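Beneath this line is the structure, given in structure tokens, with notes to follow.
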Amino acid sequence: MMSFTTKSLPASSILISREFEYVGARSQPDTLIYTWGVADHGALGRASFVRPDHKNRQQHLSYVHHPHRLGFGEYHKIVDLSCGYGFTLFAVGKPSEVSCYGTGLNTDSQIGNHEPRRGYPLGMLISPAPIEAPLDKSSKVSSGRAHTVMLTDKGGVWTVGNNAYGQCGRSILPDEDYGRKAAYHRIKALDDITICHIECGQDTSFFLSDKGVVYSCGWGADGQTGRGHYDNEPDVEKGEVFGWGNSEYHQLNSATDDMQIHVAKKLNFPGVKKVLDVASAGTMCLLLDEDGHVYSWGFGPIGKGPDVTYSKIPTQLPLTLFGRNEITPDAKVVSITCGINHLAAVNSNGSLFTWGKNPGGCLGLGHTKDQYFPLRVSIGGQVIKVSCGVDHTAAMVKEIL
1 MMSFTTKSLP
11 ASSILISREF
21 EYVGARSQPD
31 TLIYTWGVAD
41 HGALGRASFV
51 RPDHKNRQQH
61 LSYVHHPHRL
71 GFGEYHKIVD
81 LSCGYGFTLF
91 AVGKPSEVSC
101 YGTGLNTDSQ
111 IGNHEPRRGY
121 PLGMLISPAP
131 IEAPLDKSSK
141 VSSGRAHTVM
151 LTDKGGVWTV
161 GNNAYGQCGR
171 SILPDEDYGR
181 KAAYHRIKAL
191 DDITICHIEC
201 GQDTSFFLSD
211 KGVVYSCGWG
221 ADGQTGRGHY
231 DNEPDVEKGE
241 VFGWGNSEYH
251 QLNSATDDMQ
261 IHVAKKLNFP
271 GVKKVLDVAS
281 AGTMCLLLDE
291 DGHVYSWGFG
301 PIGKGPDVTY
311 SKIPTQLPLT
321 LFGRNEITPD
331 AKVVSITCGI
341 NHLAAVNSNG
351 SLFTWGKNPG
361 GCLGLGHTKD
371 QYFPLRVSIG
381 GQVIKVSCGV
391 DHTAAMVKEI
401 L
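So in UniProt numbering, spot 187 of the sequence shown is number 187, and the numbers just go up one at a time.
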């Protein structure tokens with residue numbers, strides 16, 4: 001059952017945006033958007049979850065524990081999405097005049113400036129609203145704890161939101177009020193570099209060039225930036241990286257016995273074939289090899305049942321957990337991702353599998369109990385991309401006709 005209450009939020013704290021923007025009389029979006037998990041912070045993008053119309057018998061929903069089809073995706077060509085801490089970002093393709101939208105928590109202007117009343121910026125948006133950044137068309141978006149990174153189709157990088165640790169790639173201002181005014185920043189140090197991918201940690205930002213070089217900035221207390229020290233980094237510098245940061249639960253056990261390292265080190269995995277993808281949660285890690293095998297290690301719900309919550313070394317999860325059977329004998333995992341405490345994988349048939357902690361039903365399995373091994377999510381189509389926040393999840397899905 002869905003959980004709902006009758007509480008409402010102050011009118012001054014939320015925004016219902018113009019949700020639909022037709023892209024053409026005969027035009028249809030390439031993908032559908034589904035969201036699920038905690039709804040109270042507006043990150044699921046449906047205004048009626050937070051502010052229901054009781055005349056139409058709508059009720060407040062604190063969470064949605066199964067995939068919900070978001071109407072915003074019906075009228076916009078979504079090319080990328082990302083889940084942060086209580087907010088969701090959407091990169092929108094042509095012909096939309098706005099290239100990036102966001103919904104959910106906006107305490108640090110991570111979704112830009114929204115002031116229906118001057119001097120009273122909104123700390124929460126309950127449906128997707130434009131991020132009015134002065135940038136070209138956005139091709140990729142990534143979100144951290146309270147900051148946003150946007151990659152343009154021409155390779156430029158823009159940031160907005162909290163910069164307390166330099167995660168936006170600009171100088172740190174000790175008294176800056178992030179919630180009062182959005183500071184859109186173009187990282188000029190990357191202007192002469194073709195950036196093809198971006199990724200955010202909690203308070204860190206990473207940028208991958210077309211030459212395979214990784215650049216980083218942000219919080220470095222545990223060596224997360226891989227820059228050879230434990231200080232915050234507001235500047236960007238190149239470095240070829242493999243694994244670095246906190247290793248309290250032996251996440252980096254193959255390279256060091258230290259609890260944290262600030263220099264990137266190559267991680268050796270004996271017996272594992274060529275690695276195609278990696279994902280790291282708060283205390284857990286995943287890797288995907290060229291045969292579609294998934295390995296997990298670290299501490300927490302690592303996918304090996306309720307009795308196995310810790311592993312120093314990567315061990316393989318059975319392929320049968322990801323849809324390989326007599327009917328689909330060739331099914332294999334093609335992508336992996338994770339939030340802080342929950343993990344997800346997509347197989348070659350477009351099926352989504354999730355496991356881990358399940359606050360607000362963020363696993364999309366129809367309940368709120370924790371899940372200790374991968375289980376398939378019932379969703380209306382083939383999953384193209386999935387993004388995990390702290391307590392909510394979003395997916396781009398190709399509809400099956």
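The beta carbon of each residue, even a glycine, is placed where N, CA and C say it ideally should be. Being a predicted model, the structure only gives us computed values, none of them experimental.
Taking all protein chains shown into account, decide if Pro301 is buried (16 or more other Cβ within 10 angstroms of its Cβ) or exposed.
By the C-beta density criterion, Pro301 is buried, having at least 16 other C-beta atoms within 10 angstroms.
- prompt: Of the residues Lys181, Asp307, Leu375, His197, which one's Cα is nearest the Cα of Ser142?
  reply: Just measuring C-alpha positions, the residue of Lys181, Asp307, Leu375, His197 sitting nearest Ser142 is His197.
- Query: Under 8 angstroms between the Cβ atoms of Arg69 and Tyr34?
  - Reply: At a Cβ-Cβ threshold of 8 angstroms, Arg69 and Tyr34 count as neighbours.
**Asked** For the region 362–381 against the region 52–72, are there 3 or more C-beta pairs whose distance is under 8 angstroms?
**Response** In this structure the region 362–381 lies against the region 52–72, because at least three pairs of beta carbons, one per stretch, are closer than 8 angstroms.
Cβ neighbour criterion (16 or more within 10 Å) applied to Ser387:
Answer is buried; the Cβ neighbour count reaches 16.
Tell me whether Gly360 is buried or exposed, calling it buried when 16 or more other Cβ atoms sit within 10 Å of its Cβ. By the Cβ-count criterion, Gly360 is buried, with 16 or more other Cβ atoms from all chains shown falling within 10 Å of its own Cβ.
Exercise. Thinking C-alpha only, which one of Leu81, Thr320, Cys83, Pro95 is nearest Tyr75?
Worked result: Selected option, being the one with the closest Cα: Pro95.
Self-check item: CA-to-CA distance, Gly271 to His185, given in whole angstroms
Solution: Computed Cα separation, rounded: 44 angstroms.
Between the region 325–338 and the region 302–313, do three or more beta carbon pairs fall short of 8 angstroms?
Fewer than three beta-carbon pairs drawn from the region 325–338 and the region 302–313 are found closer than 8 angstroms, and the two stretches are therefore not classed as touching.
**Request:** Can you have a look at Ile327 and say buried or exposed, based on whether 16 or more other CB atoms are within 10 angstroms of its CB?
**Result:** Ile327 sits exposed, since fewer than 16 C-beta atoms from the chains shown fall within 10 Å of its C-beta.
| said: Quick check on this structure: which residue in Asp153, Thr148, Ala279, Lys398 has the alpha carbon closest to the alpha carbon of Gln167? | reply: The shortest Cα separation from Gln167 among Asp153, Thr148, Ala279, Lys398 belongs to Thr148.
Notebook entry, point to check: In angstroms, rounded to a whole number, what distance separates the CA positions of Val23 and Leu151?
Noted result: Reliability of the predicted coordinates at Val23 is poor, the pLDDT of 46 falling under 50, and the value obtained from them is presented with this limitation in mind. Spanning the two alpha carbons is a distance of roughly 22 angstroms.
By the three-class DSSP mapping on this structure, what secondary structure does Leu151 have?
Here DSSP, grouped into helix, strand and coil, assigns Leu151 to strand.
Within 10 angstroms of the Cβ of Thr88, are there 16 or more other Cβ atoms? Answer buried if so, exposed if not. Flag for Thr88 reads buried.
query: Is it true that the CB of Val157 sits closer than 8 angstroms to the CB of Gln110?
result: No. Outside cutoff.
| Burial state of Asn56, where buried means 16 or more other Cβ atoms lie within 10 Å | Taking every protein chain shown into account, the CB of Asn56 has fewer than 16 other CB atoms within 10 angstroms, so this residue is exposed.
Beta-carbon separation of Thr194 and Ser216 under 8 angstroms?
Not a contact, by the Cβ cut-off of 8 angstroms.
Three-state secondary structure (DSSP) of Val214
DSSP places Val214 in strand when its eight states are reduced to three.
- Message: Along the chain, where does the alpha helix (DSSP H) containing Phe49 start, and where does it finish?
- Response: 47–50 is the span of the alpha helix (DSSP H), which, as asked, contains Phe49.
Beta-carbon within less than 6 angstroms of Tyr85's beta-carbon, same chain only, minus the 5 sequence neighbours each way: which residues are those? If we look at Tyr85 and ignore the five residues flanking it on each side, its Cβ neighbours are Arg145, Val390.
Note to self: Am I right that Ala344 and Leu81 are in contact with their C-beta atoms under 8 angstroms? What's the rounded C-beta distance?
What the structure shows: For Ala344 against Leu81, the beta-carbon gap comes to about 13 angstroms, at or over 8 angstroms, which does not count as contact.
Problem set entry | Cys338 vs Trp36 beta-carbon contact at 8 angstroms | No. Outside cutoff.
_C-alpha gap between Asn163 and Ile187, whole angstroms_ = For Asn163 and Ile187, the distance between alpha carbons rounds to 13 angstroms.
Item checked: Coil, strand or helix - His293 by DSSP -> Assigned with DSSP and collapsed to three states, His293 falls in coil, not helix or strand.
Beta carbon of Leu286 nearer than 8 angstroms to that of Val275: Not a contact, by the Cβ cut-off of 8 angstroms.
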